Amino acid sequence: MQFMNNKIDSLTREEQLIMLIDKYINDTYDPEDEIYTYNLYLIFVGYHLKYFQPHAIYSDSVSNIDNVMQMFCSVFKCMKSNFIKKLQNKEVIFVQLNALVDYIEGNQIRLEQVYVELKAQYEKREISRGILNKGSARKRARL
1 MQFMNNKIDS LTREEQLIML IDKYINDTYD PEDEIYTYNL YLIFVGYHLK
51 YFQPHAIYSD SVSNIDNVMQ MFCSVFKCMK SNFIKKLQNK EVIFVQLNAL
101 VDYIEGNQIR LEQVYVELKA QYEKREISRG ILNKGSARKR ARL
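By our numbering, the letter at position 42 of the sequence shown is numbered 42, and the numbering carries on one by one without gaps.
Structure below.
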């Protein structure tokens with residue numbers, strides 16, 4: 001298990017996202033599922049919020065959709081390497097990423113709103129977590 005963690009830690013964030021998508025496809029892929037592409041979009045948004053947005057990576061545009069697509073392009077570039085050979089669902093990943101681009105293009109206004117709502121939820125959770133961590137540090141200091 002430690003070997004696998006070291007292997008994952010040596011991957012770029014983009015490659016780690018590809019691994020996450022591969023696992024998601026492996027565990028849940030159903031071509032009949034009408035919200036599958038939407039859920040894939042949610043994975044991209046969540047990943048962008050957690051790993052890239054706080055560090056102003058892929059955040060050049062005022063449009064959140066553009067920033068997600070900027071991240072998407074970098075993820076796609078990683079798939080040209082030997083890395084793709086290791087994935088279980090490489091063909092399905094390409095099909096789903098293509099479907100995701102079409103989905104984003106056709107639903108930009110709604111998906112921009114989804115991003116804004118998820119960002120607000122994420123920031124609220126991070127603020128709450130920060131407050132809880134500060135509160136528990138004070139309690140320990142008094143003991």
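Think of the CB as a built atom: it goes at the ideal place given N, C-alpha and C, for glycine as much as any other residue. Since the model is a prediction, treat every value here as computed from it, not as a measurement.
Leu20 and Tyr122 closer than 7 Å at C-beta: Stepping through the sequence shown from its first residue, residue 20 is reached at position 20. Stepping through the sequence shown from its first residue, residue 122 is reached at position 122. No, these two residues do not count as a Cβ contact at 7 Å.
Euclidean distance between Cα positions of Ile65 and Lys119: Numbered from its first residue, the sequence shown carries residue 65 at position 65. Numbered from its first residue, the sequence shown carries residue 119 at position 119. The straight-line gap from Cα to Cα measures roughly 12 Å.
8 Å contact criterion, which Asn89 and Asp22 should meet: CB distance rounded: To locate residue 89, count along the sequence shown from 1; it is residue 89. To locate residue 22, count along the sequence shown from 1; it is residue 22. That pair is a contact at about 5 Å.
Residues near Gln70 by beta carbon distance below 6 Å, same chain, minus five either side: In the sequence shown, residue 70 corresponds to position 70, counting from 1. Taken in chain order, the residues that qualify are Tyr58.
Nonlocal neighbours in the same chain, by C-beta distance under 8 Å from Thr12, ignoring five residues either side: On the sequence shown, residue 12 is found 12 positions in, with the first residue counted as 1. Closer than 8 Å at Cβ, skipping near neighbours: Cys78.
Among Pro31, Ser10, Tyr29, Ile18, the one whose alpha carbon lies nearest that of Tyr47: Counted from its first residue, the sequence shown places residue 47 at position 47. Taking only the C-alpha atoms, the option nearest Tyr47 is Ile18.
Reduced DSSP category for Glu34 - H, G, I as helix; E, B as strand; rest coil: As a first step, residue 34 is located in the sequence shown; it is residue number 34 there, counting from the start. If DSSP states are grouped into helix, strand and coil, Glu34 belongs with coil.
DSSP three-state assignment for Val62, whether helix, strand or coil: Residue mapping note: residue 62 aligns to position 62 of the sequence shown, counting from 1. Of the three classes helix, strand and coil, the one that applies to Val62 here is coil, per DSSP.
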